[in-house]
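What follows is a short report on a single structure.
Numbering (the numbering used here), first residue to last: 1334 to 1726.
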């Protein structure tokens, strides 16, 4: 039962409908924008497969660096009787709505006493500027893997651990950046032991299942995993436009220094784990969201060769936390501001000179340090109630 005296299902449905129409209308404005990424990558891959013939064997002609499930989707969308630019953007916009639904469900799970939890999560997610530009204007697909990461988190909150692994397997099938979720999941497993370690095998099994179309086309089943090997050495520099610490060392080549940032990331995460164990803090409804946010943020902040869009998942988590606790609103505001100029630049609005990149990196560095101080203090000082997301028993 909803406790709010203002609960009116009709008004909520009207709000959801109006926001949905507005969200689609805004994205419609970007339907004809052709970015460099689309022209040199997505459309090129589409044409490669289109010219290879009508059968599914056309997947063998795919030369892109996206995983094969994406190649299969590109191939399918190319069959529709509309320009590929439109079908591709429509696919991603559809996932914007799936993402908004999952965001709403997570907010409702963490704040079930309010009838406005789901509507706020849904509406705010749909209208976030980075979400709008990412799919409707830029034609990027970060909403896809993020939808499944949010689904994994939602089902973790619901204690449906096999489903968590399946959702993670689907997310990994679309984007290697799903690795941002793994520190949280490993911490939760180590601290709670609520499910068998064998359930982790559902992740690679799910990945193999999602690659069945590629195998039918003639690819090796191992392409499920080998596609990602090249991605780890694709960028020649430590800095690749996400405003993390490596902006200040951007001329350092990845092939010489790439191992050090990875080791540094592991060390920072291990320090956090040691503190959790020492303070006997177990991830639950009270603290799971800030733990997930901080561990994912740490991965993006310290790992090398992060693209400008790789803060997408953390930005959404920060927004969800702000919906639940408005006093944390400063986190998503600064986080999105630190990457938004790059979104504008990617879609042909404005420029992104070195001075702005410097401001982005300094702002994001300040934010990471501030988030670490605030979240660690609240977790480890006995003031966990300040970030509590308690679900009534």
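Just so it is clear, CB atoms sit at the ideal spot from N, CA and C, and this is done for glycine as well.
What you are looking at is a predicted structure, and each value in this text was computed from that prediction instead of being measured.
Once DSSP output is grouped into helix, strand and coil, what is the label at residue i?
i            : result
residue 1395 : coil
residue 1654 : helix
residue 1403 : helix
residue 1537 : helix
residue 1586 : strand
residue 1613 : coil
residue 1554 : coil
residue 1629 : helix
residue 1493 : coil
residue 1422 : helix
residue 1441 : helix
residue 1686 : coil
residue 1414 : coil
residue 1707 : helix
residue 1455 : helix
How long is the line joining the alpha carbons of residue i and residue j, rounded to whole angstroms?
i            : j            : result
residue 1645 : residue 1553 : 31 Å
residue 1616 : residue 1519 : 11 Å
residue 1538 : residue 1486 : 19 Å
residue 1348 : residue 1414 : 33 Å
residue 1494 : residue 1536 : 11 Å
residue 1395 : residue 1533 : 30 Å
residue 1576 : residue 1387 : 42 Å
residue 1569 : residue 1641 : 15 Å
residue 1571 : residue 1698 : 16 Å
residue 1483 : residue 1546 : 25 Å
Which same chain residues, not among the five before or five after residue i, have their C-beta less than 6 Å away from its C-beta?
i            : result
residue 1467 : 1473 and 1475
residue 1451 : 1437 and 1441
residue 1363 : 1469 and 1470
residue 1557 : 1540, 1541 and 1544
residue 1669 : 1463 and 1648
Where does residue i land, buried or exposed, given buried means 16+ other C-beta within 10 angstroms?
i            : result
residue 1591 : buried
residue 1344 : exposed
residue 1481 : buried
residue 1612 : exposed
residue 1523 : exposed
residue 1360 : buried
Apart from the five residues just before and just after residue i, which ones in its own chain have a Cβ nearer than 7 Å to its Cβ?
i            : result
residue 1352 : 1456, 1459 and 1460
residue 1402 : 1506, 1507, 1543 and 1544
residue 1513 : 1629, 1632, 1633 and 1646
residue 1579 : 1571, 1572, 1594 and 1637
Have a look at the DSSP bridge pairing and note the partners of residue i.
i            : result
residue 1639 : 1572
In its own chain, which residues sit with a C-beta less than 8 Å from the C-beta of residue i, not counting the 5 before and 5 after it?
i            : result
residue 1549 : 1389
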